[in-house]
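Okay, structure first, notes after.
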Amino acid sequence: GVMTREFDAALAADLPLSHDRAYSDDEIWETLTRFLEHAVPAAERAGVRIGLHPDDPPLPSLGGVARVIRNEDGYRRALEIAGSENFGLCFCVGTWAEGGDRTGKSVLDMIRDYGDRIYKVHFRNVDAPMPVFRETFVDNGYLNMYEVLKALPGGLIHTAYTIGYMKAMRDRVNAEWGC
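So the sequence shown is numbered by the numbering used here: it starts at 32 and just counts up by one.
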C-alpha cells in the first residue's frame, strides 16, 4: 500500500492554537526579516543559495500562526527583503497546486516569472486545489506535470525530485529533448 496526505481546510479552521497565542502577519514578517538580515549575508559569504519553501498548505493562518509565504505577494516581498541573488525559491509545485487561485499565479506562471530565482523544485502533484486535496503520484494529480517539467528552465531539470520512478516522463523528455 501507499500512504498519502489529505487536507481539509474546514477541519483545519477548527484547530487549536499551536503556540501560546496567535501570531499576526506583521509579527511573522518581522521575524522573517530579522532572520534574513543575518542568514542572507552568511549565505553570500559562504557562496550558497537559500531557497524558501511556500507555506504548506498555503493558508492565511494555521493553528493561529500567520503563514506569509502563501501566495506570490509573499514570495515577492521576501525576495525584496532579502535583496540578494543568494536568496530565492524552493518552489514546491504540489504546495502551489494546493493553493489554486489563492496563490495569485498558476504553477506555470510562477515558473515563467521566477524561473531564474527557483533554486530547488519539489516535484509533487495533488488531486485538486483547496479546500480539500490529497497528495497523489506525480502522474495522477490535476496538474500536467510534463508541461510543468517543460516550463522549468533547462538548468533546473537536475534539481527536481520526486517520490518514485517516472519512466513515461523520462521517455518523453528523452524523445523531445534528446537527453
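All residues carry an ideal CB built from backbone N, CA and C; glycine is no exception.
Beta-carbon proximity of residue i to residue j, cut-off 9 Å
| i | j | result |
| --- | --- | --- |
| Gly131 | Pro91 | no |
| Asn117 | Val71 | yes |
| Glu37 | Glu166 | yes |
| Arg112 | Thr62 | Residue 112 is actually Ile in this sequence, not Arg. Cβ atoms of Ile112 and Thr62: not closer than 9 Å. |
| Cys121 | Gly82 | yes |
| Val204 | Leu174 | no |
| Ala74 | Ser137 | no |
Through-space distance from residue j to residue i, alpha-carbon basis
| i | j | result |
| --- | --- | --- |
| Ala77 | Leu42 | 43 Å |
| Gly105 | Ser55 | 14 Å |
| Ala53 | Ile59 | 11 Å |
| Asp57 | Ile142 | 27 Å |
| Val33 | Val152 | 23 Å |
| Asp51 | Gly209 | 55 Å |
| Gly195 | Tyr177 | Low confidence applies to Gly195: its pLDDT is 40, below 50, so where it sits in the model is not reliable enough to give any reading. |
| Pro184 | Asp140 | 13 Å |
| Phe66 | Arg107 | 17 Å |
| Asp170 | Asp39 | 22 Å |
Paired residues, beta bridge with residue i - DSSP
| i | result |
| --- | --- |
| Glu166 | Val157 |
| Lys151 | Cys121 |
| Asp104 | Answer by DSSP bridge pairing: none, since Asp104 is not bridged. |
| Ser92 | Ala97 |
Exercise for the section: Ignoring anything shorter than 3 residues or poking outside the segment 109 to 146, list the beta strand (DSSP E) runs there in chain order. Expected result: The qualifying runs are 118 to 123.
Handout entry: Touch test, the segment 47 to 57 against the segment 69 to 89, Cβ-Cβ under 8 Å, three pairs minimum
Key = The count of Cβ pairs closer than 8 Å, one atom from the segment 47 to 57 and one from the segment 69 to 89, stays below three, leaving the stretches out of contact.
Exercise for the section: State whether the segment 112 to 128 contacts the segment 153 to 169, with contact taken as three or more CB pairs (one from each stretch) at a distance under 8 Å. Expected result: Result yes; three or more Cβ-Cβ pairs closer than 8 Å.
Handout entry: Three CB pairs or more closer than 8 Å across the segment 140 to 152 and the segment 95 to 102
Key = Of all C-beta pairs linking the segment 140 to 152 to the segment 95 to 102, fewer than three are shorter than 8 Å, placing the two stretches out of contact.
Practice task
Counting only runs of 3+ residues fully inside the segment 57 to 89, write out the beta strand (DSSP E) ranges in chain order.
Solution key: Within the segment 57 to 89, the complete beta strand (DSSP E) runs of at least 3 residues are 81 to 83.
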